[in-house]
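Converting from the sequence shown to our numbering requires adding 41 to each position, the first position being numbered 1.
From the three backbone atoms N, C-alpha and C, an ideal C-beta is built for every residue, glycine too.
Notes follow the structure.
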Amino acid sequence: MRRRHFVRLLVLIAPLFFGWQKVFAQALPLQALGDDRMPITLQAEHIGPSLWTERPDEQVGHSKFDTFIPFAQSDLDAYALQLRGSRLRLDRDRVASGTTTPVPQELGSLSVGLFGKRRFETKDVVAGDVSFGRSGTELGSADSATTVSANIFWARPKSDEGGQWIYLLSYSNSRSTFNNIPLPGFAYSKSFKTESGLGVWAAGVPFFFGFYRGNPWSGTALITPFTSSVEGSYTLMGPFAVFAKWAWQPQGFRVNGGPEERLLYEEFRTQIGLRGPIARWALASIGVVYSDGRRVVWGDSLFRSSGRESRLDDELGAFFTLAARF
Numbered sequence: 042m043r044r045r046h047f048v049r050l051l052v053l054i055a056p057l058f059f060g061w062q063k064v065f066a067q068a069l070p071l072q073a074l075g076d077d078r079m080p081i082t083l084q085a086e087h088i089g090p091s092l093w094t095e096r097p098d099e100q101v102g103h104s105k106f107d108t109f110i111p112f113a114q115s116d117l118d119a120y121a122l123q124l125r126g127s128r129l130r131l132d133r134d135r136v137a138s139g140t141t142t143p144v145p146q147e148l149g150s151l152s153v154g155l156f157g158k159r160r161f162e163t164k165d166v167v168a169g170d171v172s173f174g175r176s177g178t179e180l181g182s183a184d185s186a187t188t189v190s191a192n193i194f195w196a197r198p199k200s201d202e203g204g205q206w207i208y209l210l211s212y213s214n215s216r217s218t219f220n221n222i223p224l225p226g227f228a229y230s231k232s233f234k235t236e237s238g239l240g241v242w243a244a245g246v247p248f249f250f251g252f253y254r255g256n257p258w259s260g261t262a263l264i265t266p267f268t269s270s271v272e273g274s275y276t277l278m279g280p281f282a283v284f285a286k287w288a289w290q291p292q293g294f295r296v297n298g299g300p301e302e303r304l305l306y307e308e309f310r311t312q313i314g315l316r317g318p319i320a321r322w323a324l325a326s327i328g329v330v331y332s333d334g335r336r337v338v339w340g341d342s343l344f345r346s347s348g349r350e351s352r353l354d355d356e357l358g359a360f361f362t363l364a365a366r367f
């Protein structure tokens, strides 16, 4: 498999491993690494229904989607629209300790953005995006708030062996941590090849990402202050594989009218499932997920919460994910 084909593969499946918390312009490197024209991509995830919970009224539902639609491309430039949305559903009202304000049963976010990239004769790539949206409960009501995010990405190839320096600058007012702070970052990224597979890693501040696809074993690792995960998979036959994944998955929602301007949700997930193609242009995953350490918190961020929180019981549920490329 040539490197450009491997990059195409990353663009399709890496969002499944990265999770859905925005991680320092996570989509930008994936969309900018390829020499070919960028495809239309769609990622969707749903967790539910519940298979078991300690209390019947503690069920939590998750739904998320992310679309990337290029509308103008040339050999040097590319532009695309981005549309992202999420929904978090709690089965009953609850009141966090130290407050009298109920935690909404329904929380969500929706944003639309513009992405652009430019490739130079030096093979440097500069890319960026800006997104605006709404977050909270009843997105069109006074109980929701405006969200803004912006990212800049610069990749400088270091050699012909697949290595490059990556420089990032990211801003968001709707993260679960480090809100309203322009955060710089950098990393060195390199692709590699072994007798049985191909991989890529990126190490720097404030993240580490590694991906390896081999036969029969594959794996990924992501460590950041925003979300973290580790996954291993084993190929059963052809393109079908079983996998196990552990992830720390926080989410942040800007909400007007509460004791703080943000409501934060945090959980740890352990997933076991089966992944494989359902068409030439789509991969799907299905399995079970055990969620623990779950809580909702009023506060500016998980690292600066006010102690106004409500704990949720553990839950075993089913999940489904889809990654499509057109």
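What is the DSSP secondary structure of residue i, reduced to helix, strand or coil?
i      : result
Leu263 : strand
Leu117 : coil
Glu99  : helix
Leu343 : helix
Phe161 : coil
Asn192 : strand
Leu224 : strand
Asp354 : coil
Ser237 : coil
Ser91  : strand
Asp132 : coil
Pro80  : coil
Lys105 : strand
Arg321 : coil
Gly334 : strand
Lys231 : strand
Gly149 : strand
Leu180 : coil
Thr276 : strand
Out of curiosity, what's the CA-to-CA distance linking residue i and residue j?
i      : j      : result
Leu180 : Leu129 : 13 Å
Gly204 : Ala244 : 12 Å
Ala186 : Leu210 : 24 Å
Tyr253 : Ile207 : 20 Å
Ala85  : Lys105 : 6 Å
Ala68  : Pro145 : Unreliable positioning characterises Ala68 in this predicted model, as indicated by a pLDDT of 41, which lies under 50. A coordinate reading is not provided.
Trp195 : Gly157 : 12 Å
Val296 : Glu236 : 51 Å
Gly226 : Arg96  : 43 Å
Thr94  : Asp170 : 40 Å
Leu353 : Tyr212 : 30 Å
Phe361 : Asp116 : 36 Å
Ser152 : Glu162 : 33 Å
Gly273 : Phe248 : 19 Å
Ser259 : Asp184 : 44 Å
Glu308 : Tyr229 : 30 Å
Lys231 : Ser182 : 46 Å
Pro90  : Gln100 : 9 Å
Leu131 : Ser150 : 15 Å
Asp355 : His103 : 15 Å
Gly255 : Leu224 : 34 Å
Arg349 : Ile222 : 23 Å
Val166 : Val246 : 19 Å
Leu176 : Val283 : The amino acid occupying residue 176 in the given sequence is Ser; Leu does not appear at that position. One C-alpha to the other measures close to 35 Å.
Going by C-alpha distance, which of the options is nearest residue i?
i      : options                           : result
Tyr306 : Gln114, Thr265 and Ser351         : Ser351
His87  : Ser259, Ser152, Phe367 and Ala359 : Ala359
Gly126 : Asn297, Glu308, Thr108 and Pro143 : Thr108
Leu324 : Trp195, Leu363 and Thr163         : Leu363
Phe112 : Pro198, Leu155 and Leu92          : Leu155
Asp341 : Ala228, Asn220 and Ile327         : Asn220
Gly174 : Thr188, Glu308 and Leu224         : Thr188
Near residue i, which residues of its chain fall below 6 Å by C-beta distance, leaving aside the five closest residues on each side in sequence?
i      : result
Leu293 : The question names Leu, yet the displayed sequence has Gly at residue 293. Excluding residues within five positions, the ones whose Cβ falls inside 6 Å are Ser215, Arg216, Ser217, Arg303 and Leu305.
Leu148 : Leu129, Thr178 and Phe294
Arg366 : Leu53, Pro80, Thr82 and Trp322
Arg310 : Ala288, Gln290, Val330 and Ser332
Asp118 : Arg159
Val271 : Ala262 and Trp287
Phe344 : Thr218
Pro198 : Lys164 and Gln205
Ala191 : Val171 and Tyr212
Leu357 : Leu92, Trp93 and Tyr331
Thr142 : Gly299 and Pro300
Gly251 : Trp242 and Ala262
Ser326 : Gly314, Arg316 and Thr362
Pro257 : Tyr275 and Thr276
Phe281 : Gly317
Gln62  : With a pLDDT of only 36 at Gln62, under 50, the local geometry of the prediction cannot be trusted, and the value read off the model is given with reservation. Here the set comprises Phe267 and Thr268.
Sorted by chain position, which residues of the same chain lie with C-beta nearer than 8 Å to residue i's C-beta, five sequence neighbours on each side aside?
i      : result
Gln114 : Arg78, Met79 and Tyr120
Ile233 : According to the sequence as given, residue 233 is Phe; it is not Ile. Excluding sequence neighbours, Phe233 sits near Gly203, Leu239, Gly240, Val241 and Trp242.
Give every residue of the same chain whose Cβ lies closer than 7 Å to the Cβ of residue i, excluding the five residues on either side of it in the sequence, and list them in chain order.
i      : result
Ile110 : Ile81, Ala121 and Leu122
Ile313 : Ala285, Gly328 and Val329
**Asked** Is there contact here, the segment 329-343 with the segment 137-148, by at least three beta-carbon pairs under 8 Å?
**Response** yes
**Request:** Examine the Cβ distances between the segment 116-131 and the segment 264-282 and report whether three or more of them are shorter than 8 Å.
**Result:** no
**Message:** Taking contact to mean 3 or more Cβ pairs, one atom from each stretch, closer than 8 Å, check whether the segment 269-288 and the segment 313-322 are in contact.
**Reply:** yes
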